[in-house]
Structures are given as structure tokens and as C-alpha cells.
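In the working numbering, the protein residues as written are 536 to 966.
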Ligand SMILES: *Cc1c(COP(=O)(O)O)cnc(C)c1O
């Protein structure tokens, strides 16, 4: 904050398509999709219209004991596009709450459905995981900077090494390693499954960790292991959901159905805060019983199933169909992969990781030894500041530059983003 106070603030007043426009009238490409939420561009006519139309009916009514048409229709629509087997929808209002809901459902499920299994009250997760900022979500996360300070407040969990191939924890090389990093995970599941309610994972790519991608087949193997050891698989698709990885959900790349799936960010196309936790009929059934058994899942936020959010989320799914967003994305993803190739030659680019239009570029001080830049060098910050003067807004994660443009970004705009990024990284070569 001390530094931010001295900076020239950028105050966004308007948006249009892939652009943000500040109070001075300056235009910037939205290279972060306004932090990973926007999909079809700003001021999309269909989304604007849906929101206004719902506003003419009602802005909000509770989902506690009542329901509303957009919430009902959206639940049906989500089940239709979700990985097969996910049949039930529980609403909340942001990614962190969607994760909290998944964790609580998992624990209660085991108590009510399989009391004989004993107390399954803890969770397995990968190191460097990010699942949100509330206490439960932080407990299953592991990003030192965000989490260390709050250790005393967090519940204990079990951690495993992620498949961070560029800095392999086992010092092996993919693919000759045959994903040996899964062996210790199986070891954990074998020895501790009795206490594990679930394994929570960001499928395919750990976004906030700095876009750490999982090799093909990784998620599928995790799914198999979870089934084998009776541990629920919780997919946190908050970042990866809604086309970011090239398919509607990341789990789809591996034909995986998780037991619980958290979604939020892209759910409303970046218009309204809304989230959902999807689950199977098998888990849903564990919450049925006589009134006095109190098997309900007692969790309900004030704005749960908000009609404005649900109406715009429905319109968001409508745009996917009408504009064939996922089909039109494929050539853009291919082009992005091509354009990024020359980056590998750059003197401070250590690793380029990408899934769909989610891109992470890890900058290093020494390319040969992979020595990271020290935090004081603030390279991520410097490059993004350089990008801003070139009309591109991005936000780094430490030494990793992140590009996650709206899916609707045109090929020309994408190209401009990549060029801006390249020019901005080149400013580092001077020192
Ligand atoms: C952003 C994010 C969250 C948290 O979502 P919020 O809406 O910011 O609470 C959870 N999980 C993942 C993978 C995310 O990227």
C-alpha cells in the first residue's frame, strides 16, 4: 500500500470487448480477463440484456426455503454441460465459498453415508495449491505468501508435491519419469485414506501457483487412486472452468468426473459474483432423511442463488452456444502456442506453461541454473509496469507473468497482447 499510494492509479471506468478504459479515456487490453472472470468481453450485448431483463422482474429473493426461475434453469443447464455424473448443484457466491461448501459436504457425506468408515475429517492437497482466501480454503492451500501468517488458524491437512516439472521435486525429467511424483501420493492415500475425506485439486493447471501444468494423464491417475482408496475427488474448476483450458471444464480433457466440483469465476461471464458446487446423486442422497434426523447440509449464504447472477450465467452459457465459443477458440489456442515459441529464446525466460488460453511465463535470473530472481528484483512487477505503458494490463504472480485473456479476444488482439508482453520482457535484458 505504501508504494501504491505513490503510484499513478489506474481507475477503470468503462469496458468494451477486450478493452478496459480508464477515467482519462485511455484504452488497455484486458490481459487478465479482469482477474480470470471475463469470457466474452466487456459489455457483451446478450449479457447486458439478460441482466437488465432480470432486473425488471426482481433483483434478489432468498434460496432458503424458496427458489427462483433463473436458479432452477441454471442448475439444469450446468448439469447438462458438467462432467457426466454430476447431477446436483449447490449455490454460493464466490470461488472460496464454493470450495468451503465442497469441503463441508465431503466431511458430512462420510459421517452420514458411511459412518462405519470412521472419522474422515481431513484433506489431501498439492503444495502450491490455491483454493481461495477464506480459512477453510486457505487450509487446503499452500502458497507461502498468502498462507504462512495464518497457520495458527488453519486446520491440519496432508500435502503432496505437485508435478512442477520445471523444478521437479524428484529431480527427474518428464516423460521418462513416468510421473513418479504420483507414487508418494499413492503412498499417502494407501496409508492415510481412513482419515481422508477428499483430495482437492485444481485440475490440469495450478493457476495461482504460477500456472503449473500437469502432464497429460495425471488427473486421470489421481481419479483412479481416489476411487481405489475411497477418497472423494474434489475438482476446483474455479479458474479452469468455462473454456479457459480449451474445453468447457478441465476435467473433460481427461474424461474425469470428480465427486465434487467448485465453479465460480467464469460462471457469469465475469458479470456478477456467483458460484456453485456440483456433486453426484450418490453424495446428494446422503443428505436425505427424516426432518428430525437433521441430515440437511446447513450452509446458506444470504445471496445464494441470486437471480441476477443466475440470469446472466444462463446468458453466458447461451453465448457459448450461439457464438460457438469453444470451436472458435481452437485456432486462437494454436496461434498462441506458435507465438509463444520464440519466447523460449529470450534470455530471462525459464519456462513457458500453457493450457488453452491460460499462460504462465516464468522469468529466471539465470537461464542455465534456473536460479530465480530474488523478490527484491520485482521482475514480474517491472514487466507488467512496462506492459501497462504499452497498453496491456496483466498481473504477475511473483516471477511468473500471467496472460489469461477473455476467450472472445480476437486473433489480432491476442497477437498484440503477445507482442506487448515480448517487448516488455525485453526491457529486462538491459540489466
Ligand atoms: C480464484 C480462485 C478461487 C477463489 O475464488 P474467489 O472468487 O476469489 O473467492 C478458488 N480456487 C481457484 C482455483 C481460484 O483460481
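All C-beta atoms in this analysis are idealised placements derived from N, C-alpha and C, irrespective of residue type, glycine included. These numbers were taken from a predicted model, which means no experiment stands behind them.
Residue i (DSSP reduced to helix, strand or coil)
i: residue 577; result: strand
i: residue 771; result: strand
i: residue 627; result: strand
i: residue 779; result: coil
i: residue 937; result: strand
i: residue 839; result: coil
i: residue 675; result: coil
i: residue 830; result: coil
i: residue 550; result: strand
i: residue 545; result: coil
i: residue 665; result: coil
i: residue 660; result: strand
i: residue 562; result: strand
i: residue 852; result: helix
i: residue 622; result: strand
i: residue 609; result: helix
i: residue 640; result: helix
i: residue 591; result: coil
i: residue 598; result: coil
C-alpha gap between residue i and residue j, whole angstroms
i: residue 842; j: residue 621; result: 22 angstroms
i: residue 625; j: residue 612; result: 13 angstroms
i: residue 958; j: residue 898; result: 14 angstroms
i: residue 944; j: residue 604; result: 32 angstroms
i: residue 916; j: residue 829; result: 51 angstroms
i: residue 720; j: residue 591; result: 52 angstroms
i: residue 545; j: residue 562; result: 11 angstroms
i: residue 822; j: residue 647; result: 7 angstroms
i: residue 616; j: residue 782; result: 11 angstroms
i: residue 804; j: residue 875; result: 26 angstroms
i: residue 904; j: residue 683; result: 28 angstroms
i: residue 825; j: residue 831; result: 10 angstroms
i: residue 608; j: residue 848; result: 10 angstroms
i: residue 815; j: residue 919; result: 42 angstroms
i: residue 806; j: residue 627; result: 15 angstroms
Own chain partners of residue i with C-beta closer than 7 angstroms, once the 5 adjacent residues on each side are dropped
i: residue 674; result: 689, 690 and 692
i: residue 653; result: 729
Beta-carbon contacts of residue i that lie in its chain and below 6 angstroms, excluding the five residues immediately before and after
i: residue 835; result: 599
i: residue 846; result: 585, 589 and 605
i: residue 717; result: 756
Close-in-space but distant-in-sequence residues of the same chain around residue i (CB under 8 angstroms, 5 per side omitted)
i: residue 866; result: 946
i: residue 884; result: 878, 896, 897, 898, 899, 902 and 960
i: residue 864; result: 778, 781, 891, 892 and 942
beta-carbon residue i near ligand 2 non-hydrogen atom, thresh 7 angstroms
i: residue 737; result: Only ligand 1 can be found as ligands here, which leaves ligand 2 out of the picture.
Uninterrupted alpha helix (DSSP H) stretches inside the segment 684-761 (no shorter than 4 residues): 717-727
The segment 741-754 / the segment 875-890 touching (three or more Cβ pairs under 8 angstroms): yes
Complete beta strand (DSSP E) runs within the segment 865-935 (minimum length 3 residues, chain order): 884-890 and 893-901
Length at least 4, wholly inside the segment 795-823: the alpha helix (DSSP H) runs in chain order: 816-820
Three-pair Cβ contact test at 8 angstroms for the segment 839-855 versus the segment 570-585: yes
Cβ contact (3+ pairs, closer than 8 angstroms) linking the segment 626-645 and the segment 656-669: yes
The segment 725-739 touching the segment 635-650, judged by at least three CB pairs closer than 8 angstroms: yes
Contact between the segment 768-780 and the segment 702-721 (3+ Cβ pairs under 8 angstroms): no
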